[in-house]
Amino acid sequence: MKNKKILFVLALMIILLIVFIEPIRAILIVVLLSIAGLAVFVSPFPLIIGILRLFFINENKKFTLQLITYSTIVLVIGSSTCGILTFIN
């Protein structure tokens, strides 16, 4: 129980440092925006491959559906993260 309390206090201190110290906050936003932009740039390719596999290759449908699902999730999360972080800046 004591370790949880220490971890909670440490996490709260880190969050406060990130929110209130402007250079750290700016660097964090740039890093997150870069990661989200990379996800938005890369995720359409597996989505297109998954859709083509769904229509033209009849074996291993489970993998194809997972590929389509995960790449769609990454595309939605990445684009919403880019939008939110751009709106914050």
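Using the numbering used here, read the sequence shown as starting at 915 and increasing by one per residue.
Ideal Cβ positions, reconstructed from N, Cα and C, are used throughout, including at glycine.
Quick caveat: nothing in here was measured; it's all calculated off a predicted structure.
(request) Could you spell out where the alpha helix (DSSP H) holding isoleucine 963 opens and where it closes? (result) Counted from its first residue, the sequence shown places residue 963 at position 49. It spans 958 to 970 - the alpha helix (DSSP H) in which isoleucine 963 sits, taken as one unbroken run.
(message) Does the structure place the segment 918 to 936 close enough to the segment 970 to 983 that three or more beta carbon pairs sit under 8 Å?
(response) no
(request) Mark glycine 964 as exposed unless 16 or more other C-beta atoms lie within 10 angstroms of its C-beta, in which case mark it buried. (result) Along the sequence shown, one-based indexing puts residue 964 at 50. Buried: at least 16 other Cβ atoms inside 10 Å.
(request) Give me the Cα-Cα distance between phenylalanine 959 and isoleucine 929, rounded to the nearest whole angstrom. (result) Taking the first residue of the sequence shown as position 1, residue 959 is located at position 45. Taking the first residue of the sequence shown as position 1, residue 929 is located at position 15. Going by the C-alpha atoms only, they are around 35 Å apart.
(message) Looking only at its chain, what residues have a beta carbon closer than 7 Å to the beta carbon of serine 985, apart from the 5 residues adjacent to it on each side?
(response) Here residue 985 is taken as the residue at index 71 of the sequence shown, counted from 1. Excluding sequence neighbours, serine 985 sits near Ser957, Pro960, Leu961 and Gly964.
(request) Would you tell me roughly how many angstroms separate the C-alpha atoms of isoleucine 941 and glycine 992, rounded to the nearest one? (result) The count along the sequence shown starts at 1 and reaches residue 941 at position 27. The count along the sequence shown starts at 1 and reaches residue 992 at position 78. Taking the straight line from one Cα to the other gives about 18 Å.
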